[in-house]
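Right, one structure below, let's go through it.
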């Protein structure tokens with residue numbers, strides 16, 4: 101039984117928490133994050149970023165990152181490049197005025213604040229956190245413009261910044277021009293220039309002077325400003341230009357005073373806004389901090405973790421964030437804990453990725469609590485109050501601690517401070533001491549953590565810890581996969597399968613002499629625990645399963661790609677088919693309209709001449725042609741799929757759909773023994789076969805290919821009133837066939853289902869001619885001789901198309 105001291109000072113608690121973060125390399129994540137910040141202030145926030153404890157705060161931080169990423173995904177970015185150090189500017193206000201550079205920095209900050217506020221208002225929803233925060237940003241366009249208008253691109257006050265300054269600079273230019281003219285006049289004077297060492301002028305104390313020979317000093321009256329080291333040259337300001345130099349100096353003094361007044365005035369205006377500027381500096385830094393998290397998330401292809409209230413962790417395809425960009429092919433792993441088991445014991449070879457795996461788990465918790473996205477495909481995280489970690493060699497010479505002692509010091513602190521809301525990570529638990537005692541110590545420590553309901557993940561080489569899963573459901577074995585063929589780790593995490601250290605194989609791969617390797621293998625074989633053979637078999641099976649799964653996924657992907665290609669090709673074919681059919685139909689419709697118009701003209705003319713026979717025969721032929729052509733066109737159409745009618749539910753007055761025309765009809769009588777029913781379509785009643793009908797659906801009426809009779813056909817239908825019997829007895833064959841063709845045409849237009857043709861027996865010539873005509877007529881679906889009750893062989897019963 102381990103006895104643990106019940107008290108540690110707050111300093112020690114903070115120490116183990118900070119050490120845990122450092123061992124998990126959270127400080128390196130913060131440093132990486134800072135590279136994605138745009139301003140000095142936001143970089144500082146990134147470097148100091150820490151996990152939050154309050155779940156509401158954590159969710160809000162993640163929401164802010166999501167809002168920023170929403171904008172970056174557009175793609176767009178926040179217009180923030182520079183924010184002044186307002187705190188330092190505020191301190192400098194104790195002087196007479198701010199410098200030109202400081203004032204320009206204030207103007208740049210005002211501009212950034214205004215643009216960011218406008219940008220977020222336009223690109224984020226009303227209730228977004230970042231947009232609401234930006235509403236408190238300062239916007240003072242007048243002050244911003246005033247400062248920018250005061251200075252030129254070189255940060256100098258513009259000469260026309262104020263009317264006073266403009267006038268002073270004009271006076272300065274005039275006096276400098278007069279001075280230059282006077283100087284040139286002196287230089288061009290032979291009387292004056294003969295006293296000069298060189299016929300040029302120079303300056304002393306910002307005043308123009310001439311180099312006068314010592315021998316001529318008395319001959320050039322004026323002010324001596326300097327003497328050469330040899331006393332041979334005197335730098336004299338001639339009395340002719342003294343008044344001009346004095347005037348110029350006076351004007352420059354006035355210019356300086358006016359500039360100081362301008363700077364002081366602007367400083368006063370800035371001072372009035374300093375509190376709002378300081379607040380805006382903080383808001384802008386915080387906003388850019390959220391955008392830095394979003395930029396980093398995009399770089400490492402991270403997703404937003406789901407924060408849950410039950411103690412679980414679930415990661416799909418997790419990657420260590422610090423490996424991304426530094427390692428060519430980062431291996432992904434799945435990990436979960438908290439549902440069926442609460443402690444994962446990872447075994448396996450050295451250099452196999454155990455430490456990277458547990459660091460990734462710990463980092464993910466800390467990153468999520470800091471409002472950062474995670475480089476995986478899905479994540480669920482309980483925000484543990486503390487993540488305690490003991491990782492790596494923390495041997496301390498100064499504290500006289502060995503590796504084992506150092507680890508045990510950390511573990512004791514962790515045991516004392518952890519509770520059911522903690523997550524504990526222990527790397528190589530209790531290593532560095534006697535293997536037997538170390539294994540026992542590791543076991544009781546893990547059992548103590550289980551007793552306290554602490555979730556944990558540990559790595560170890562102690563084989564005894566693998567048995568915990570079989571005696572306590574709190575624990576679960578896991579391992580890092582090792583390829584026994586290549587003698588290299590695959591870095592894949594296998595949950596549920598314990599691992600082997602593979603120390604001999606790794607040593608061999610690193611270059612250990614072969615005779616030493618062989619001798620070691622022989623000793624291991626002779627002393628190998630049977631359980632190790634089981635583990636090896638499990639690992640082989642797992643590797644085969646993983647390979648089969650990968651092959652299955654590849655086949656699935658291939659089949660899905662082929663399916664997609666087929667569907668795309670089919671869609672293109674259908675599209676081309678529809679286009680072709682439309683061209684054919686359009687052409688036919690145009691030609692048909694022309695022919696109909698021509699026939700109508702002929703019919704009108706012949707009607708006036710009391711001879712409709714020829715015209716009607718022509719119209720019948722036209723109808724026949726149209727019917728055949730439409731039949732061919734229908735072969736191109738995609739067949740409408742209709743449901744079957746449940747006749748037990750149909751009543752008189754119900755609506756059905758006539759399939760050939762996609763038109764609604766009203767039921768007037770139920771099916772007779774020949775499967776005919778009487779229906780009404782518009783103003784007409786007729787009998788129709790039941791197989792030509794479908795259940796009513798208003799959607800059918802909206803199809804573009806619904807047939808509509810031409811105006812000429814409507815005219816014929818309106819004027820037609822026809823019996824279902826035609827009596828041809830007494831007609832000559834030629835006249836009888838003309839009447840029969842005309843009658844069948846009218847019967848078809850009237851939508852009669854069947855008609856009776858009376859031809860009698862006679863010599864049989866008329867009967868044969870009628871039946872020959874019926875066998876080829878496009879109006880006839882079929883015909884038969886009449887029954888005894890219908891008139892026998894002296895009549896023909898005709899079903900109309």
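Residue numbers (my numbering): 101 to 901.
Don't be surprised by glycine CBs; every beta carbon is placed ideally from N, CA and C.
*Counting along the chain, where does the alpha helix (DSSP H) carrying residue 482 start and finish?*
Note, residue 482: premise wrong, no alpha helix (DSSP H); not H, not E.
*Work out the CA separation of residue 568 and residue 157 for me, nearest whole Å.*
38 Å
*According to DSSP, what are the bridge partners of residue 416?*
478
*In chain order, which alpha helix (DSSP H) runs of at least 4 residues are fully inside the region 273-350?*
290-293
_Rounded separation between residue 898 and residue 768 - CA only_ = 23 Å
*Quick one: Cα of residue 421 to Cα of residue 127, how far?*
13 Å
*For residue 366, which residues does DSSP report across the bridge?*
Its beta-bridge partners do not exist; DSSP assigns none.
_For residue 872 and residue 760, what's the separation of their Cα atoms in angstroms?_
28 Å
*Measure the alpha-carbon distance for residue 216 versus residue 352 and round it to whole angstroms.*
41 Å
*What alpha helix (DSSP H) runs, 4 residues minimum, are completely inside the region 402-479?*
454-469
*asked:* Please report the distance separating the alpha-carbon of residue 338 from that of residue 258.
replied: 33 Å
*asked:* Pull the bridge partners of residue 589 from the DSSP assignment, please.
replied: 582
*Pick helix, strand or coil for residue 866, following the three-state DSSP scheme.*
helix
*Identity of the residues DSSP links to residue 845 by a beta bridge*: Answer is none; residue 845 lacks a bridge partner.
*Going along the chain, which residues of its own chain have a beta-carbon closer than 6 Å to the beta-carbon of residue 504, five neighbours each way excluded?*
532, 533
*Outcome for residue 130 when other beta-carbon atoms lying within 10 angstroms are tallied against a minimum of 16*: buried
*asked:* residue 413 and residue 482 - do their beta-carbons sit closer together than 8 Å?
replied: yes
_Checking 8 Å against the spacing of the C-beta atoms, do residue 334 and residue 317 come in under that value?_
yes
*Buried versus exposed call for residue 832 [16 or more other C-beta atoms within 10 Å across all chains shown]*: exposed
*asked:* Please state the DSSP three-state secondary structure of residue 829.
replied: coil
_Proximal residues to residue 431 (C-beta, below 6 Å), its chain only, five neighbours per side dropped_ = 591
_What would DSSP say about residue 238, mapped onto helix, strand or coil?_
coil
*Does residue 686 have its Cβ less than 8 Å from a Cβ in chain D?*
Going by chain labels, chain D is absent from the structure shown, which holds only one protein chain.
*Are the Cβ atoms of residue 165 and residue 473 separated by less than 8 Å?*
yes
*Thinking residue 57 and residue 445 are a contact (beta carbons under 8 Å), I'd like their distance in whole angstroms, please.*
The chain is shown only over 101 to 901; residue 57 falls outside these bounds and no answer can be derived.
*residue 490 - DSSP class collapsed to helix/strand/coil*: strand
*Throw me the rounded Cβ distance for the residue 795 and residue 865 pair, which I believe falls under 8 Å.*
Not a contact, Cβ separation roughly 49 Å.
*Can you tell which of 465, 835, 486 has its C-alpha closest to the C-alpha of residue 479?*
465
*residue 540 - DSSP class collapsed to helix/strand/coil*: helix
*Apart from the five residues on each side of it in sequence, which residues of its chain come closer than 7 Å, Cβ to Cβ, to residue 675?*
none
*Relative to the C-alpha of residue 467, which residue among 211, 530, 453, 486 is closest?*
486
_Spatial distance of residue 229 from residue 170 (CA atoms)_ = 13 Å
*Report yes or no: do the region 352-366 and the region 276-292 share at least 3 C-beta pairs separated by less than 8 Å?*
no
*Roughly how many whole angstroms lie between the Cα atoms of residue 689 and residue 780?*
28 Å
*Determine the DSSP secondary structure at residue 258, reduced to helix, strand or coil.*
coil
*Per the contact definition of three or more C-beta pairs closer than 8 Å, is the region 192-206 in contact with the region 222-238?*
no
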